[in-house]
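Participant: Quick note: the sequence shown, position 71, residue 71 per full-length UniProt numbering, numbers continuous.
For every residue, glycine included, the Cβ atom is placed at its ideal position computed from N, Cα and C.
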Amino acid sequence: MEVLYPCTCKLNESEDATPQTVELKPGKYLVELWGASGGCNETERSGKGAYVWIRLNLVESKTFTLFIGGTSTFSNITMVKGGCNGGGDSFQGNYKNGRALIAGGGGGSTSIGLSLFDSDRIAVAAGGGGCGCDGSGGNAGGLVGFDGTSTLASKKGRGANQEGPGIGV
Numbered sequence: 001m002e003v004l005y006p007c008t009c010k011l012n013e014s015e016d017a018t019p020q021t022v023e024l025k026p027g028k029y030l031v032e033l034w035g036a037s038g039g040c041n042e043t044e045r046s047g048k049g050a051y052v053w054i055r056l057n058l059v060e061s062k063t064f065t066l067f068i069g070g071t072s073t074f075s076n077i078t079m080v081k082g083g084c085n086g087g088g089d090s091f092q093g094n095y096k097n098g099r100a101l102i103a104g105g106g107g108g109s110t111s112i113g114l115s116l117f118d119s120d121r122i123a124v125a126a127g128g129g130g131c132g133c134d135g136s137g138g139n140a141g142g143l144v145g146f147d148g149t150s151t152l153a154s155k156k157g158r159g160a161n162q163e164g165p166g167i168g169v
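1. At what residues does the beta strand (DSSP E) containing ASN57 begin and finish?
2. Going along the chain, which residues of its own chain have a beta-carbon closer than 6 Å to the beta-carbon of GLY108, five neighbours each way excluded?
3. Using the beta-carbon count (16 or more within 10 Å), is ILE54 buried or exposed?
4. Please confirm whether VAL52 and ALA123 have their CB atoms less than 7 Å apart.
5. Of all the options GLY104, THR110, SER119, which has the alpha carbon lying nearest to the alpha carbon of GLY135?
6. In the DSSP output, which residue or residues are listed as bridge partners for ARG121?
7. In its own chain, which residues sit with a C-beta less than 6 Å from the C-beta of SER111, not counting the 5 before and 5 after it?
8. CB-CB under 6 Å to GLY132, same chain, minus the five flanking residues each way: which ones, in chain order?
9. Please look up how many angstroms separate the CB atoms of GLY141 and GLY38, rounded, as I've assumed it's under 8 Å.
10. Which first and last residues belong to the beta strand (DSSP E) in which LYS62 is found?
11. Does the beta-carbon of VAL22 have 16 or more other beta-carbons within 10 angstroms, so that it is buried, or is it exposed?
12. What did DSSP end up calling GLU23 once you bin it into helix, strand or coil?
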């Protein structure tokens, strides 16, 4: 069985998508999840979503809930919504010299769980970070996420990991 994006979330809207459910019969399963990429412009690179896999060995039928993450956008508007299922919003600002500072929103996470509640999720693949006007977005990771890049050394985003979200600057 394969569940693919697009799900029910709308482009450039960060609300949660309608979850999908699937009933799995007894047996052995390999479940693969990919987080969504962040939004970006045409010259930089967005952060890529994490890849997570788990094995399930079911002795009885079980219903699982799937949340599929959405990719954000990169735009010249004042607020860019993150991808559905938790992607962080972005902004537009100005440097002191008047140059526009525009960043892409973060990608949403993809997860599988036993119910609609966050506490019942058994595997989550985080979304990647959006790029900035002069740097790449951070990649989501397992134990350690990868930081973004920037021509301004002190102004790069931090990648998400298992212990916490990515951090923008």
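Facilitator: On the basis of the supplied data:
1. Under the DSSP assignment, ASN57 falls in the beta strand (DSSP E) whose first and last residues are 51-58.
2. So the qualifying residues of the chain are ALA36, GLY69, GLY70, GLY83, CYS84, ASN85, GLY86, GLY87, GLY127.
3. That one is exposed.
4. Yes.
5. When each option's Cα is compared against that of GLY135, the closest is GLY104.
6. Under DSSP, ARG121 shares a beta bridge with GLY113.
7. Contacts found: PHE67, ARG121, VAL124.
8. Excluding residues within five positions, the ones whose Cβ falls inside 6 Å are ALA103.
9. Contact between GLY141 and GLY38 is ruled out by a C-beta separation of about 14 Å, above the 8 Å threshold.
10. That run of the beta strand (DSSP E) goes 62-67.
11. By the neighbour-count rule (16 or more Cβ atoms within 10 Å), VAL22 is not buried but exposed.
12. Correct three-state label for GLU23: strand.
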